[in-house]
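Everything in the sequence shown is counted per the numbering used here, starting at 75 for the first residue and increasing by one.
No residue lacks a Cβ here, since even glycine has one placed at the ideal position from N, Cα and C.
Below is one structure, written out as structure tokens, with a few remarks after it.
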Amino acid sequence: MTPTISTAERRHRLALRHHLTPIGRAQRVEEVAEAQVGLHSSDPATVYLSAWARMAEPSIDAVANSLYTARTLVRVLGMRRTMFVVPTDLAPLLHHGCSAPLAKRERTKLVKMLEDQDVAQNGDGWLDDVQQRTLAALTQRGQAVARELSTDVPALKQKLRFGGEAMWAGEMGISTRVLFLLATEGKIVRARPRGSWLSSQYRWAPMEAWLGRAMPDIDPSDARTDLAGRWLAGYGPGTFNDLKWWTGWTVRQTREALVANRAVEVALDEGTGWVLTGDVGGTAAPESWVALLPGLDPTPMGWKERDWYFGSHAARLFDRNGNAGPTLWADGRVVGGWGQRPTGEIVTALFEPLSSTHDALLHEEVSRLEGILDGTVVTPRFRTPVEKELAG
């Protein structure tokens with residue numbers, strides 16, 4: 075018979091495997107990033123807030139040190155064309171399993187734009203030359219922003235038109251496209267930002283110099299297998315559609331990764347799910363817990379089929395493009411949202427009543443996060459109706 079995994083069991087796993095209970099918090103940010111198979115980094119604040127929610131001793135310095143001093147974490151393009159912060163050993167999996175095919179398509183697109191807009195008759199050769207000179211200039215500088223590299227390589231100052239006759243049409247510097255392509259090819263990396271930990275204006279650095287080694291070659295099929303196995307370990311059970319959406323893979327690639335992992339079929343309330351071999355057993359109920367997770371946190375974004383933890387609340391907590399806003403969790407379910415007023419005060423919106431135990435835990439979490447932020451106001455890059463109402 076097909077084993078059954080209940081919704082309650084899934085919530086227990088979520089709590090423990092995602093370090094969300096008070097006694098289950100991680101000691102190091104690397105543990106968090108590995109358990110989550112990466113922290114979303116489209117909004118730089120998410121990395122810090124996601125880590126803090128799961129760390130026993132959270133601080134700005136703890137995260138920044140791992141990213142920019144020890145360099146045990148690195149920011150790379152990964153699943154669904156999205157930026158993630160991952161332990162360095164996971165970076166090749168995201169690169170070869172998700173972003174390397176994107177690099178080929180982006181290069182073809184850029185070459186066509188160069189030729190169509192008369193920047194170069196031989197777009198491929200022009201791009202090769204500019205990439206090589208950009209890498210050389212970056213190696214000479216060590217770290218640099220696009221403006222500095224455009225001084226060294228004047229060709230980067232040219233503009234490309236996009237959007238045709240559409241209302242949103244405009245111009246973009248070639249430097250933006252060239253640097254994105256180099257990063258997608260695994261040759262350069264986003265280093266320390268200019269400004270505070272909330273800044274998204276990153277300096278660039280050569281990948282090999284930043285990490286002490288070049289991006290290793292891995293067979294794409296092997297990378298997808300390893301990446302799927304890590305997702306199953308951290309997020310399983312999940313459905314086929316969950317894994318396909320989370321990775322951005324094709325149906326065939328998703329199926330092959332499940333087969334390669336010898337994933338076991340289980341029955342869920344939502345239908346058929348998958349877990350790793352030997353991961354069918356039950357999990358002891360964890361202690362009561364409450365968490366304030368930021369917009370784009372990996373837990374709410376970990377599955378496509380979300381009714382088992384969002385219930386009827388998802389529409390209020392996502393923007394129009396499917397980006398999750400700040401969420402309030404209790405024992406494996408989303409029960410509200412949260413935001414910050416201009417004073418730095420954290421305010422919450424409850425969609426259902428809390429027990430006295432959970433209410434006390436919520437007050438502790440609010441005080442804990444306010445203490446870490448110390449008056450800093452974090453405005454999510456992707457804003458949702460509830461968050462905007464609370465912030466106002």
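Review point. Run through DSSP, which three-state label would residue 403 get?
Key: Under the three-state reduction of DSSP output, residue 403 falls in the strand class.
Review point. Cβ atoms of residue 293 and residue 170: under 9 Å apart, would you say?
Key: Against a cut-off of 9 Å, the Cβ pair of residue 293 and residue 170 comes out as a contact.
Review point. Do residue 86 and residue 373 have their C-beta atoms within less than 9 Å of each other?
Key: Not a contact, by the Cβ cut-off of 9 Å.
Point to revise | Secondary structure of residue 92, DSSP reduced to three states | key: Three-state DSSP puts residue 92 in coil, outside helix and strand.
Check your understanding: Is it right to say residue 75 is buried, meaning 16 or more other beta carbons lie within 10 angstroms of its own, or is it exposed?
Key -> Residue 75 is exposed by the Cβ-count criterion.
Exercise for review: List the endpoints of the continuous beta strand (DSSP E) containing residue 446.
Suggested key: For residue 446, there is no enclosing beta strand (DSSP E); the enclosing alpha helix (DSSP H) covers residues 430 to 447.
Review point. Where do the ends of the beta strand (DSSP E) carrying residue 309 lie?
Key: Taken as a continuous stretch (DSSP letters only), residue 309 belongs to no beta strand (DSSP E), being part of the alpha helix (DSSP H) at 294 to 309.
Check your understanding: Given residue 263, which residues of its chain have a CB within under 8 Å of its CB, disregarding the five upstream and five downstream residues?
Key -> Residues 148, 149, 150, 257, 278, 279, 280, 281, 284 and 285 of the same chain have their beta carbon placed closer than 8 Å to that of residue 263, with the five preceding and five following residues left out of the count.
Check your understanding: Mapping DSSP to helix, strand and coil, what is residue 242?
Key -> Judged by DSSP in its simplified three-state form, residue 242 adopts coil rather than helix or strand.
**Study point:** Three-pair Cβ contact test at 8 Å for the region 163 to 177 versus the region 242 to 251
**Key:** Two segments are said to touch when three or more pairs of C-beta atoms, one from each, lie closer than 8 Å; by this definition the region 163 to 177 does not touch the region 242 to 251.
Review point. Taking residue 464 as the reference, which of 358, 231 and 412 has the closest Cα?
Key: Comparing C-alpha distances from residue 464 to each of 358, 231 and 412 shows the shortest one belongs to 412.
**Study point:** Residue nearest to residue 410 in terms of C-alpha spacing, selected from 433, 108 and 232
**Key:** Checked all of 433, 108 and 232; the closest Cα to residue 410 is 433.
Review point. Between residue 218 and residue 212, which are expected to be in contact by the criterion C-beta below 8 Å, what is the C-beta distance as a whole number of angstroms?
Key: Contact flag correct, Cβ pair sits at about 6 Å.
Review point. How many whole angstroms separate the CB atoms of residue 348 and residue 366, which I take to be in contact at a CB cut-off of 8 Å?
Key: Not quite, the Cβ-Cβ distance comes to about 30 Å (not below 8 Å), so this is no contact.
**Study point:** Same chain, Cβ closer than 7 Å to residue 140, five either side skipped, listed in chain order
**Key:** Excluding sequence neighbours, residue 140 sits near 103, 104, 146 and 147.
Exercise for review: Whole angstroms is fine: what's the gap from residue 200's alpha carbon to residue 392's?
Suggested key: The C-alpha of residue 200 lies about 42 Å from the C-alpha of residue 392.
Practice item. Measure the alpha-carbon distance for residue 69 versus residue 84 and round it to whole angstroms. Key: This structure leaves residue 69 out entirely; the chain is present only between 75 and 466.
Point to revise | Uninterrupted alpha helix (DSSP H) stretches inside the region 361 to 425 (no shorter than 4 residues) | key: Listed in chain order, the complete alpha helix (DSSP H) runs (minimum 4 residues) inside the region 361 to 425 are 381 to 384 and 388 to 391.
Review point. Helix, strand or coil: which one does DSSP assign to residue 456?
Key: In the structure shown, residue 456 sits in coil (DSSP, three-state: anything other than H, G, I, E or B).
Check your understanding: Mind pulling the alpha helix (DSSP H) runs of 4 or more residues that sit fully within the region 144 to 172?
Key -> With a minimum length of 4 residues, the continuous alpha helix (DSSP H) runs that stay inside the region 144 to 172 are 165 to 168.
Review point. Leaving out the 5 sequence neighbours to the left and right, which residues in its chain are closer than 7 Å to residue 450 when beta-carbon positions are compared?
Key: Around residue 450: 418.
Practice item. With distances taken Cα to Cα, identify the nearest neighbour of residue 209 among 158, 261 and 404. Key: Among 158, 261 and 404, the Cα nearest to that of residue 209 is on 261.
Check your understanding: Taking Cβ positions, are residue 436 and residue 388 nearer each other than 9 Å?
Key -> No, these two residues do not count as a Cβ contact at 9 Å.
Practice item. Can you grab the Cα-Cα spacing for the pair residue 325 / residue 111, in whole Å? Key: Separation of residue 325 and residue 111 (C-alpha to C-alpha, rounded to the nearest whole angstrom) is 21 Å.
Review point. With residue 364 and residue 338 assumed to form a contact (beta carbons below 8 Å), what rounded beta-carbon distance in angstroms separates them?
Key: Wrong, their Cβ atoms sit about 32 Å apart, outside the cutoff.
Review point. Would you call the CB atoms of residue 266 and residue 122 closer than 9 Å?
Key: No, the Cβ-Cβ distance between residue 266 and residue 122 is not below 9 Å.
Point to revise | Option nearest residue 205 by Cα separation, candidates 253, 343 and 214 | key: Nearest to residue 205 by C-alpha distance, out of 253, 343 and 214, is 253.
Review point. Once you ignore the five residues that flank residue 231 on each side, which residues in its own chain have a CB closer than 8 Å to its CB?
Key: Cβ within range, chain order: 224, 247, 248 and 249.
Review point. Short check: CB of residue 161 to CB of residue 107, under 9 Å?
Key: It is a contact, given that the beta carbons lie within the stated cut-off.
Check your understanding: Which partner residues of residue 339 appear in the DSSP bridge assignment?
Key -> According to DSSP, which records beta bridges pairwise, residue 339 is partnered with 348.
Review point. Can you list, in chain order, the residues of its chain whose CB lies under 6 Å from that of residue 455, leaving out five sequence neighbours each side?
Key: Contacts found: 117.
Exercise for review: May I have the straight-line CA-CA distance separating residue 163 from residue 289, to the nearest angstrom?
Suggested key: Between the C-alpha atoms of residue 163 and residue 289 there is a straight-line separation of about 10 Å.
Practice item. With DSSP as the reference, label residue 357 as helix, strand or coil. Key: Coil.
Exercise for review: Would you identify the three-state DSSP class for residue 280, choosing helix, strand or coil?
Suggested key: Residue 280: strand per DSSP, three-state reduction.
Practice item. Quick one: using the 10 Å Cβ neighbour count with 16 as the cut-off for buried, is residue 97 buried or exposed? Key: Residue 97 is exposed by the Cβ-count criterion.
**Study point:** Other residues of its chain near residue 415: CB distance less than 7 Å, five sequence neighbours each side excluded
**Key:** For residue 415, the CB contacts under 7 Å within the same chain, skipping 5 residues up- and downstream, are 421 and 465 in chain order.
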